[in-house]
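Please read the structure below before turning to the comments.
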Amino acid sequence: MSTPDEFAWASPQLKEQLLRDPAAVLKDRGLNIPPEIPPAVVNEFVRILHLLWVDGKVVPIEQFHIDPSDAGLLFGRGVWESTKTVNGVPWLWPLHIDRMRQTAALLGIDLPAERLPTDKQVHEYVRSLTNQDVVIRLNATAGRPGKPGMVWMSAAVQPAPLESLKLQTCRSPVHKGQAYLTLKTFQYATRLQIGQTAHRHGFDTALLLDEDDNLLEASHANIFLRFATGWATPKANGGLLPGTVRQVLISHSPQPITERAIPVAELKDAQEIFVTNSNVGIVPVTQIDDRMFPIGNETIKIKHWIEPPQPPGVQYRFRENQPV
704 MSTPDEFAWA SPQLKEQLLR DPAAVLKDRG LNIPPEIPPA VVNEFVRILH LLWVDGKVVP
764 IEQFHIDPSD AGLLFGRGVW ESTKTVNGVP WLWPLHIDRM RQTAALLGID LPAERLPTDK
824 QVHEYVRSLT NQDVVIRLNA TAGRPGKPGM VWMSAAVQPA PLESLKLQTC RSPVHKGQAY
884 LTLKTFQYAT RLQIGQTAHR HGFDTALLLD EDDNLLEASH ANIFLRFATG WATPKANGGL
944 LPGTVRQVLI SHSPQPITER AIPVAELKDA QEIFVTNSNV GIVPVTQIDD RMFPIGNETI
1004 KIKHWIEPPQ PPGVQYRFRE NQPV
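All residue numbers for the sequence shown refer to our numbering, where the first residue is 704 and numbers rise by one.
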């Protein structure tokens, strides 16, 4: 049973709710936990969903405030990055920080490196919450005239591993070169809507096509295809978000990967397909529209090569709220 000291950071009202029924509090935050989860882990989940990192300090969400005039809030002038942790350390963190600062510069957002957490600071934040691994999200806003924006980090329970995915092709609503809609900015709702539409049609997420019927990416992940001539992935020429896992694969994969235009008609020639992002790693694709694909040996080998080993101990995973 929980004690009041465990929730010393909470407001009196929230503390009372947590002492009475922490599972109900988690449900209110969108996390439904099974009854067999140990109470100590439930309390860790409470901290995960209620404590933020804000400019170097851990702050309860009830104390987090953003200026109503902040351009990130009013106009979507904000950038973010997200990745899973492994033993509390954020995966591929230097690549995420580099991309975040590049995106901020492209959008005219002043984001000094010293305001962003190092991997050591992320690890300290995560371990102040839990012994579980999590998905962390780092956010930064543009601010308003005379005041810099906010920088904060949140954590979420890591999703359960996905064995495979089914994709539905659709035309991308975003034209090439639209940075706010292509990159990781606060104007991200279009991507969510595309994935949700595919899900309503019985698929896991969408596979986006450009105006010339070339493959771009999944709603939230890059795509790789094995042809008789080798592995290929669509070019990052302004129409897709170049991911951090994609960057590592192109540079260092034991299987050479070519960047090129891939017409949707070439799907019939694909032998293996997978998608990647830093929240889920590599996930095989077994269906696109009405076409089926096997989970190939090379996909499994690449997955084992790039993904870090699982940490020791029991890690609790959930299938809720995991867009890919």
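Virtual Cβ for every residue (Gly too), placed ideally from N, Cα, C.
What residue from the options has the CA that sits closest to residue i's CA?
i       : options                            : result
Ser954  : Ile1009, Gln805 and Leu886         : Ile1009
Leu721  : Ser875, Leu944, Val749 and Glu817  : Val749
Phe767  : Leu754, Gly1016 and Gly775         : Leu754
Gly1016 : Pro737, Gly781, His902 and Gly791  : Gly791
Phe927  : Ile985, Gly852 and Cys873          : Ile985
Ala845  : Ile769, Pro987 and Val762          : Ile769
Ser857  : Ala968, Leu734, Trp756 and Val983  : Trp756
Ile1003 : Pro987, Gly942 and Asp992          : Pro987
Asp773  : Leu943, Pro966, Ile812 and Leu819  : Ile812
Ala843  : Gly775, Phe906 and Leu895          : Gly775
Gly981  : Lys971, His923, Gly880 and Gly999  : Looking at the sequence provided, one finds Ser at residue 981 rather than Gly. Nearest of Lys971, His923, Gly880 and Gly999 to Ser981, Cα basis: His923.
Lys879  : Pro763, Glu827 and Leu944          : Leu944
Trp934  : Leu919, Thr947, Gly759 and Leu952  : Leu952
Trp781  : Thr908, His1007, Pro851 and Phe996 : According to the sequence as given, residue 781 is Gly; it is not Trp. Taking only the C-alpha atoms, the option nearest Gly781 is Pro851.
Ala859  : Arg994, Pro793 and Lys823          : Pro793
Where does residue i fall in DSSP's three states?
i       : result
Pro848  : coil
Asn842  : strand
Arg994  : strand
Ser956  : coil
Ala921  : strand
Glu817  : helix
Phe889  : coil
Thr1002 : helix
Glu962  : strand
Ser785  : strand
Lys718  : helix
Trp756  : strand
Pro793  : strand
Pro725  : helix
Val854  : strand
Trp1008 : helix
Ser772  : coil
Val877  : coil
Glu739  : coil
Gln899  : helix
Quick one: what's residue i bridged to in DSSP?
i       : result
Leu928  : Ala935 and Ile976
Ala859  : Val838
Ile985  : Thr979
Ala909  : Gln871
Pro763  : Leu754
Phe1021 : Pro862
To the nearest angstrom, how far is it from the Cα of residue i to the Cα of residue j?
i       : j       : result
Ala921  : Pro1014 : 28 Å
Gln697  : Trp855  : Nothing can be reported for residue 697: it is not among the residues displayed for the chain, which extend from 704 to 1027.
Lys938  : Val978  : 15 Å
Ala726  : Val745  : 7 Å
Pro957  : Ile1005 : 7 Å
Tyr1063 : Phe889  : Because the chain is modelled from 704 through 1027, residue 1063 falls outside the range shown and cannot be assessed.
Glu765  : Val728  : 14 Å
Val789  : Leu798  : 16 Å
Asn940  : Glu975  : 24 Å
Thr961  : Phe930  : 11 Å
Ala892  : Thr885  : 11 Å
Leu912  : Val967  : 8 Å
Arg847  : Glu817  : 20 Å
Ile740  : Phe1021 : 12 Å
Thr786  : Asn834  : 17 Å
Glu709  : Asp724  : 14 Å
Arg732  : Pro959  : 43 Å
Lys760  : Glu784  : 19 Å
Asp822  : Leu895  : 28 Å
Asp993  : Thr932  : 24 Å
Val877  : Ile897  : 11 Å
Ile1033 : Ala743  : The chain is shown only over 704 to 1027; residue 1033 falls outside these bounds and no answer can be derived.
Indicate whether at least one CB of chain C lies closer than 8 Å to the CB of residue i.
i       : result
Trp1008 : In the structure shown, chain C cannot be found, because there is only a single protein chain.
Hey, is the stretch 714-723 in contact with the stretch 789-802, meaning 3+ C-beta pairs nearer than 8 Å?
-> No, they do not touch.
Okay, do the stretch 827-841 and the stretch 868-877 touch, 3+ Cβ pairs below 8 Å being the bar?
-> Look at the beta carbons and you see the stretch 827-841 not touching the stretch 868-877: under three pairs across the two are nearer than 8 Å.
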